[in-house]
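S.K.: Start counting the sequence shown at 1; every next residue gets the next number (UniProt numbering).
Note that the Cβ used here is the ideal one computed from N, Cα and C, for glycine as well.
None of the values given here were measured: they were computed from a predicted structure.
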Amino acid sequence: MDLLVAVGHSWEARLVERLSSVPGVVVSRRCVDLAELLSAVAAGHGDVAVVSGDLRGLDRESVAQVARHGVRVVGASPDGSEARERELRQLGVAGVLHPALETDEIARRLSEEDPDGIAGLALSGDDERPDLSGSGPVRAMRGPSVASAGARAGEGAAERGDLSQTPEVEQPRVVAVWGPTGAPGRTTVAVNVASELARLGRSTLLVDLDTYGASVAQFLSVLDESPGVAAAARASELGTLDLAALARLAPEAAPGLRVLSGIVSAQRWPELRPAAIEHVIDLSRGLADVVVLDLGFSVEDDEELSYDTDAPRRNATTLTGLAQADDLVVVGAADPIGLQRLVRALQSLPSVPSPPPRTVVNRVRAASVGPDPGRRIAESLQRFAGVEALHLVPDDPAACDAALLQGRTLAECAPSSSARDALRTLAADLVGVETRRQDGSRRRRRRG
Ligand SMILES: Nc1ncnc2c1ncn2[C@@H]1O[C@H](COP(=O)(O)OP(=O)(O)OP(=O)(O)O)[C@@H](O)[C@H]1O
Ligand SMILES: [Mg+2]
1 MDLLVAVGHS
11 WEARLVERLS
21 SVPGVVVSRR
31 CVDLAELLSA
41 VAAGHGDVAV
51 VSGDLRGLDR
61 ESVAQVARHG
71 VRVVGASPDG
81 SEARERELRQ
91 LGVAGVLHPA
101 LETDEIARRL
111 SEEDPDGIAG
121 LALSGDDERP
131 DLSGSGPVRA
141 MRGPSVASAG
151 ARAGEGAAER
161 GDLSQTPEVE
171 QPRVVAVWGP
181 TGAPGRTTVA
191 VNVASELARL
201 GRSTLLVDLD
211 TYGASVAQFL
221 SVLDESPGVA
231 AAARASELGT
241 LDLAALARLA
251 PEAAPGLRVL
261 SGIVSAQRWP
271 ELRPAAIEHV
281 IDLSRGLADV
291 VVLDLGFSVE
301 DDEELSYDTD
311 APRRNATTLT
321 GLAQADDLVV
331 VGAADPIGLQ
341 RLVRALQSLP
351 SVPSPPPRTV
361 VNRVRAASVG
371 PDPGRRIAES
381 LQRFAGVEAL
391 HLVPDDPAAC
401 DAALLQGRTL
411 AECAPSSSAR
421 DALRTLAADL
431 VGVETRRQDG
441 SRRRRRRG
């Protein structure tokens, strides 16, 4: 058992010595403060974190944050006082120990699940869905929402994927949509992939995390005043964000499609702190089968540009989204500048914690790259960025302009457009379902 210890100075050495004497236990890191503990768990270290109540900044949120990394949080007090134990339990630790305990008892408390603690439960939020009738969180059925898809009004069966062929979705997935600067179409892709996922029977939550130019609300005619992600982040900081609260902040923009709108004015980016964003994304998994994140373009780590490591970081939201994602869609524009930026973006990804990318080239047209644009683009991306598989989205100004003007999705206002068809295929590919083309023929898509 790999232990991370973050406790008060005066008795830390005594506790570490005691813990190290327990068979099977290795104290791999002695953290001087909470920040070091959080970064250690974020980097994937530790099975159990031992924390004391006098650790500066320790609160319910930080205990839950450690637990979200799959690390069990156990409290420690110097003397086993009941008052200290109670305080620690209120923070949601999974158990409490002290150095004077017998070795066997320490081993038991390090490994035993405690139903009273949130630390062991934080990860199980996936199984809870808010009861939309208003009576609070309830257990929800897992898997694709076939029933809700079937009940959806106004959609022909041929419009949707072949749900009889749909494999079970075991865990909610987070799909990050990211790409370089220059408006390559990240939001167009995020919005329409989210809408297609909902139409394929996957309840979907679209979260606007672009700290430079949030626009999802406009794309979907969601009220500008909608408090969205800033309110969710604030509630998280205050410890009042739960699934029901998140559901209230994320209205339905279309059947099966919820939207958590972005920050209304770009100057408000400091309101989005990484821990809160991580919490929001984590909780979002409990609200929908698929969570789609529309991310900003920059992945420069602004912490490295500042001496104040506690200062808010504008790109931390993007970095958090990338790190939390299960799937990553990278969008580039089909013109010489856009493709060069896309190559650089793909080259920068290995140094950023993120899932393997699926590359999308948007606005594909012969006028910007020459005849047979798809082949040319595929060849140059293969050559310069090693891209083997590519999704091409044709330039389709008529459909995209109409959608934007009406504040609706391509499926709603240009259902037979070429851009819609390409994005629907991408959505189906992400969840591994078979779709029908507009001509009725089938195509099989697998999650890669
Ligand atoms: N396939 C397409 N065909 C035609 N126009 C498109 C296509 N995709 C996107 N557009 C248009 O390009 C513009 C920019 O798209 P979008 O807002 O999605 O880009 P973005 O990468 O999110 O930009 P930003 O940097 O502002 O976040 C919009 O006017 C959109 O309608
Ligand atoms: Mg955008």
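Mind checking whether the beta-carbon of Val393 lies closer than 7 Å to any heavy atom of ligand 1?
M.R.: Within the sequence shown, residue 393 is the residue found at index 393, counting from 1. Checking every heavy atom of ligand 1 against the Cβ of Val393, one is found closer than 7 Å.
S.K.: Would Leu3 and Val48 qualify as a contact pair, given that the criterion is a beta-carbon distance under 8 Å?
M.R.: For this step, residue 3 is matched to residue 3 along the sequence shown. For this step, residue 48 is matched to residue 48 along the sequence shown. For Leu3 and Val48, yes; Cβs fall inside 8 Å.
S.K.: Go ahead and pull the three-state DSSP assignment for Gly286.
M.R.: Walking along the sequence shown from the start, residue 286 turns up at place 286. Note: Gly286 maps to coil in three-state DSSP.
S.K.: Out of curiosity, what's the CA-to-CA distance linking Ser265 and Ala214?
M.R.: Translated into positions along the sequence shown, residue 265 becomes position 265. Translated into positions along the sequence shown, residue 214 becomes position 214. C-alpha separation (whole angstroms): 8 Å.
S.K.: Considering only their Cβ atoms, is the gap separating Thr240 from Pro274 smaller than 8 Å?
M.R.: By one-based count along the sequence shown, residue 274 stands at place 274. By one-based count along the sequence shown, residue 240 stands at place 240. Result no, Cβ atoms of Pro274 and Thr240 do not sit closer than 8 Å.
S.K.: How would you write the range of the alpha helix (DSSP H) that Glu112 sits in, first residue to last?
M.R.: Locating residue 112 in the sequence shown gives position 112, counting from the first residue. Neither: Glu112 is in no alpha helix (DSSP H) and is coded neither H nor E.
S.K.: To which residues of the same chain is Glu196 closer than 7 Å at the C-beta, ignoring the five residues directly before and after it?
M.R.: As a first step, residue 196 is located in the sequence shown; it is residue number 196 there, counting from the start. Contacts found: Ala411, Leu423, Arg424, Ala427.
S.K.: For Asp208, which of helix, strand or coil comes out of DSSP?
M.R.: Start at 1 with the first residue of the sequence shown, and residue 208 comes out as number 208. Three-state DSSP puts Asp208 in a strand.
S.K.: Beta strand (DSSP E) containing Gly332: first to last residue?
M.R.: Counting from 1 along the sequence shown, the entry for residue 332 is found at position 332. Unbroken beta strand (DSSP E) run through Gly332: 327 to 333.
S.K.: How about Asp421: is its Cβ closer than 7 Å to a heavy atom in ligand 1?
M.R.: By one-based count along the sequence shown, residue 421 stands at place 421. Not under cutoff, so the answer is no.
S.K.: Along the chain, where does the alpha helix (DSSP H) that runs through Asn315 open and close?
M.R.: Along the sequence shown, one-based indexing puts residue 315 at 315. In this chain, Asn315 is not harboured by any alpha helix (DSSP H), its DSSP state being neither H nor E.
S.K.: Determine contact between the stretch 231 to 238 and the stretch 186 to 201, defined as no fewer than three beta-carbon pairs at a distance below 8 Å.
M.R.: no
S.K.: At a threshold of 7 Å, does Gly407 count as lining ligand 2 (C-beta to nearest heavy atom)?
M.R.: Here residue 407 refers to the residue found at position 407 of the sequence shown. Gly407 Cβ: outside cutoff for every heavy atom of ligand 2.
S.K.: Which partner residues does His391 have in the DSSP bridge list?
M.R.: Numbered from 1 along the sequence shown, position 391 holds the residue referred to as residue 391. Per DSSP, Val360.
S.K.: Label Ser351 either buried or exposed according to how many other C-beta atoms from any shown protein chain fall within 10 Å of its C-beta, with 16 as the threshold for buried.
M.R.: By one-based count along the sequence shown, residue 351 stands at place 351. Classification of Ser351: exposed, given that the 10 Å Cβ count is below 16.
S.K.: By alpha-carbon positions, which one of Val331, Gly70, Ala107, Ser298 ends up nearest to Leu392?
M.R.: Within the sequence shown, residue 392 is the residue found at index 392, counting from 1. With distances taken between Cα atoms, Leu392 lies closest to Val331.
S.K.: Which first and last residues belong to the beta strand (DSSP E) in which Ala49 is found?
M.R.: Stepping through the sequence shown from its first residue, residue 49 is reached at position 49. Unbroken beta strand (DSSP E) run through Ala49: 48 to 52.
S.K.: Should Pro397 be counted as a contact of ligand 1 given a C-beta to heavy atom distance under 7 Å?
M.R.: As a position in the sequence shown, residue 397 is number 397, starting the count at 1. Yes; taking the cut-off as 7 Å, the Cβ of Pro397 has a heavy atom of ligand 1 nearer than that.
S.K.: If you compare alpha carbons, which of Glu105, Val191, Val175, Ala42 is closest to Arg420?
M.R.: Translated into positions along the sequence shown, residue 420 becomes position 420. Looking at the Cα atoms, Val191 is the closest of the given residues.
S.K.: In angstroms, rounded to a whole number, what distance separates the CA positions of Ala64 and Gly92?
M.R.: For the purposes of this step, residue 64 is identified with residue 64 of the sequence shown, where counting begins at 1. For the purposes of this step, residue 92 is identified with residue 92 of the sequence shown, where counting begins at 1. The alpha-carbon atoms of Ala64 and Gly92 are separated by roughly 7 Å.
S.K.: Give every residue whose Cβ lies closer than 7 Å to any heavy atom of ligand 2, listed in chain order.
M.R.: Ala183, Arg186, Thr187, Asp210, Gly213, Ser215, Asp294
S.K.: Who are the Cβ neighbours of Asp310 in its own chain at under 7 Å, not counting the five residues just before and after it?
M.R.: Numbered from 1 along the sequence shown, position 310 holds the residue referred to as residue 310. Legend: pLDDT at Asp310 = 48, less than 50; position of this residue unreliable, value from coordinates given subsequently. Excluding residues within five positions, none has a Cβ falling inside 7 Å.
S.K.: Starting from Gly75, follow its DSSP beta bridges and name the residues at the other end.
M.R.: Translated into positions along the sequence shown, residue 75 becomes position 75. Looking at the DSSP output, Gly75 shares a beta bridge with Val51, Val96.
S.K.: Given a cut-off of 8 Å on the beta-carbon distance, is the pair Val343 and Phe384 in contact?
M.R.: The residue labelled residue 343 in the question sits at position 343 within the sequence shown. The residue labelled residue 384 in the question sits at position 384 within the sequence shown. Taking 8 Å as the Cβ cut-off, Val343 and Phe384 qualify as a contacting pair.
S.K.: Arg72 to Leu58, Cα distance in whole Å?
M.R.: On the sequence shown, position 72 is the one that residue 72 refers to. On the sequence shown, position 58 is the one that residue 58 refers to. Cα-Cα distance, rounded: 15 Å.
S.K.: Please state whether DSSP places Ala6 in a helix, a strand or coil.
M.R.: Counting from 1 along the sequence shown, the entry for residue 6 is found at position 6. Strand at Ala6.
S.K.: Am I right that Pro327 and Pro355 are in contact with their C-beta atoms under 8 Å? What's the rounded C-beta distance?
M.R.: Translated into the one-based positions of the sequence shown, residue 327 becomes position 327. Translated into the one-based positions of the sequence shown, residue 355 becomes position 355. The residue asked about is misnamed: residue 327 is Asp in this sequence, not Pro. Going by Cβ atoms, the distance from Asp327 to Pro355 rounds to 6 Å, so yes, they are a contact pair.
S.K.: I need the boundaries of the alpha helix (DSSP H) containing Glu196, first residue and last residue.
M.R.: The sequence position of residue 196 within the sequence shown is 196, counting from 1. Annotation: the continuous alpha helix (DSSP H) that includes Glu196 extends over 186 to 199.
S.K.: Taking 8 Å as the cut-off, decide whether the C-beta atoms of Thr181 and Arg341 are in contact.
M.R.: Walking along the sequence shown from the start, residue 181 turns up at place 181. Walking along the sequence shown from the start, residue 341 turns up at place 341. Taking 8 Å as the Cβ cut-off, Thr181 and Arg341 qualify as a contacting pair.
S.K.: Note down, in chain order, each residue of its chain lying with its Cβ closer than 6 Å to the Cβ of Ala107, except the 5 sequence neighbours on either side.
M.R.: Position 107 of the sequence shown holds residue 107. If we look at Ala107 and ignore the five residues flanking it on each side, its Cβ neighbours are Val22.
S.K.: What residue from Asn315, Ala367, Arg358, Ser418 has the CA that sits closest to Pro336's CA?
M.R.: If you number the sequence shown from 1, residue 336 lands on position 336. With distances taken between Cα atoms, Pro336 lies closest to Ala367.
S.K.: Give every residue of the same chain whose Cβ lies closer than 8 Å to the Cβ of Gly53, excluding the five residues on either side of it in the sequence, and list them in chain order.
M.R.: Within the sequence shown, the letter at position 53 stands for residue 53. So the qualifying residues of the chain are Gly75, Ser77, Arg84, Glu87, Leu88, Leu91.
S.K.: Take Asp372 and list the residues in its own chain whose beta-carbon comes closer than 8 Å to its own, dropping the five residues that flank it on each side.
M.R.: Working through the sequence shown from its first residue, we reach residue 372 at position 372. Excluding positions up to five away in sequence, the list reads Ala366.
S.K.: Could you please give the first and the last residue of the uninterrupted alpha helix (DSSP H) stretch that includes Glu434?
M.R.: The residue given as residue 434 occupies position 434 in the sequence shown. Run containing Glu434: none; DSSP gives neither H nor E here.
S.K.: Confirm, please, whether the CB-CB distance from Gly262 to Val292 is below 8 Å.
M.R.: Within the sequence shown, the letter at position 292 stands for residue 292. Within the sequence shown, the letter at position 262 stands for residue 262. No; because the gap between Cβ atoms is not below 8 Å, this pair is not in contact.
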